[in-house]
Amino acid sequence: MARAECAVGLGLAPVEGRGVSTAAWQRASLPLLMLRVLRSSPRHGYGISQALVDAGLHPITGAQLYPALVKLEADGAISAGWEEGASGPARKVYSLTARGRERLADLEDEWQSFVAAASRVV
Amino acid sequence: MVDERIWPERDRPWQAAYLWGVTQPEVSAETIAARLDELLGAVLEAGVPAEELFGDPAALAADDVAELGTAEEIVRSSFGSGAKQTLLLTGVMLLVPILPLMIVLLISSGWEIELTARSLTFSGCLALMLASCAVIRALHDAGLPKGVGAMIAVAVALLVAAVAVAMTPDPLPRLARDVPTLFVGLGAAVPGAALLLTSFLLPEKPLREDWSEEQWVRRFRAALISRGLSRQQAAERVRELRAGRVAVDRSAFAEYGHPVAFARKMTEHAPAAKKRRWVVGGAAEVVVPALLLVFGAASTDMWWWMRLLIGGVGAVWLVLNARSVWGSRPWKAAE
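Which chain is which? The protein sequence lines are A and B, in order. Here the first sequence stands for residues 27 to 148, where the numbers follow the working numbering. Here the second sequence stands for residues 2 to 336, where the numbers follow the working numbering.
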């Protein structure tokens, strides 16, 4: 029997802070969501967060957002450049790279498989 | 009520392997205890071996570290989290050399030795240098690179002083003769033991939460540099956060958490920082065995077998550490 099946079957109590919630699903799928937002147009960090809120998702704190951006940039999925603000300070703007598009396609496939499998259970 | 649930005999090796893997700085002892209790409950309920139920203990431990570990816990448990941990490290660093020192003294001078001002000054300089190294580590963990630089200068000055004292031809005044060697060893252990005792008596303190914006940014920038970013890269990160914060009305602490923990998250995957951390960390790991090797080879006034022993230990230690450092090179995954 697979480990995950056992854990669910046995009703393992969640360790504090591990409860499943929309916020937790969102955290787990954050790279997919961020790349998807950047596919439509380049954005700065707060702009990505705002786009997710506009879509009805939970606001992302800076503590989650910026480390995720650093990781995506280190993986070559996004690139960053500074852009002068019209009425404020200059902002770092992120855009999707060719590698990022490939990564996004892979993540979307994985997500579709997950949703299809989950919807057969739920 | 006492919890009488214990791991079945057949699962103890599995439990030990899991515990070995999950015991990492980013996972608190309380979290590990709760998780072990959860796993034990599952094993007892299922009535099948833990190996069959959960699979490879190392793989499960790695998953749990990724899921349960936090950068905040690393900072809270680091040597730089406060006086308690810094004193603990300093005490250990002062106590560790006592045993080899005693063995060397007993072999070279017997049960009684002569104490001179030179030998005491030399030992004092070395002890203070070891204490400085502990403080350097604590300041580094706390994300304070300026303090690290200042303490490195102090440690180098103490090392130079120790070498200068050792090379003085005049033995300086004799302070006492026929002092029992074991008594000298006990005396040398007093400072380290006192620091350990003080550390145990100090209470655990939670991470600081009251940060003004300026304090938070200053510490965050310093911690980024301490974690391997250049000044320019650190300034750029700060600039980015400041620009993003224009639209956010929460404090920096509420938005990003503890500045040192957040700096860890921001530099964990940054390629330049990873490489610099590898170079500095690797150098620190090979420098002590290299010094031991040189000391063994260059100390012409010692017996040949002692030189061989010291040099041999240094050489083996150097090779093992060099292999370990090379194995952890950041670009290994890409090869």
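Even for Gly, the Cβ is constructed at its ideal location relative to N, Cα and C. Predicted model only: the values in this text are computed from it and were never measured.
Item: Which residues DSSP lists as bridging A/H70, in chain order; Value: A/V119
Item: C-alpha gap between B/G92 and B/A194, whole angstroms; Value: 6 Å
Item: Bridge-paired residues (DSSP) for B/V180; Value: B/I114
Item: Members of the segment 83 to 104 of chain A near chain B, C-beta cut-off 7 Å; Value: T87, G88, A89, Y92, P93, V96, K97 and A100
Item: Identity of the residues DSSP links to A/W108 by a beta bridge; Value: A/K118
Item: 7 Å Cβ shell around B/R277 - same chain, five flanking residues per side excluded; Value: G229
Item: B/F348 to B/V185 span [Cα, whole Å]; Value: This structure leaves residue 348 of chain B out entirely; chain B is present only between 2 and 336.
Item: Interface flag, A/A116 vs chain B, CB-CB below 8 Å; Value: yes
Item: CA-to-CA distance, B/E39 to B/R6, given in whole angstroms; Value: 11 Å
Item: Minimum C-alpha distance to B/R11 - residue among B/C134, B/D171 and B/E52; Value: B/E52
Item: Endpoints, the alpha helix (DSSP H) within which A/T87 is located; Value: Where A/T87 is concerned, there is no enclosing alpha helix (DSSP H), given that its DSSP letter is neither H nor E.
Item: Segments of 4+ residues assigned as alpha helix (DSSP H) that fall wholly inside the segment 150 to 215 of chain B; Value: 182 to 202
Item: 6 Å Cβ shell around B/R222 - same chain, five flanking residues per side excluded; Value: A235 and V239
Item: Under the three-state DSSP convention, the category B/F80 falls into; Value: coil
Item: Outcome for B/W332 when other beta-carbon atoms lying within 10 angstroms are tallied against a minimum of 16; Value: exposed
Item: Identity of the residue in B/G313, B/V317, B/S325 and B/F263 nearest A/T87 by Cα; Value: B/F263
Item: Cβ contact (3+ pairs, closer than 8 Å) linking the segment 57 to 64 of chain B and the segment 247 to 261 of chain B; Value: no
Item: Status (buried if at least 16 other CB within 10 Å, exposed otherwise) for B/L198; Value: exposed
Item: Buried or exposed by the 16-neighbour rule on C-beta atoms within 10 Å, applied to B/D142; Value: buried
Item: Cβ contact (3+ pairs, closer than 8 Å) linking the segment 85 to 99 of chain A and the segment 56 to 71 of chain A; Value: yes
Item: Residue-level contact to chain A via CB, B/A18, 8 Å cutoff; Value: no
Item: Below-8 Å beta-carbon distance, A/Y120 vs any chain B residue; Value: no
Item: Amino acids of chain A, ordered along the chain, whose beta-carbon sits closer than 8 Å to that of B/R232; Value: Neighbours of B/R232 on chain A: none; closest Cβ ~17 Å, over 8 Å.
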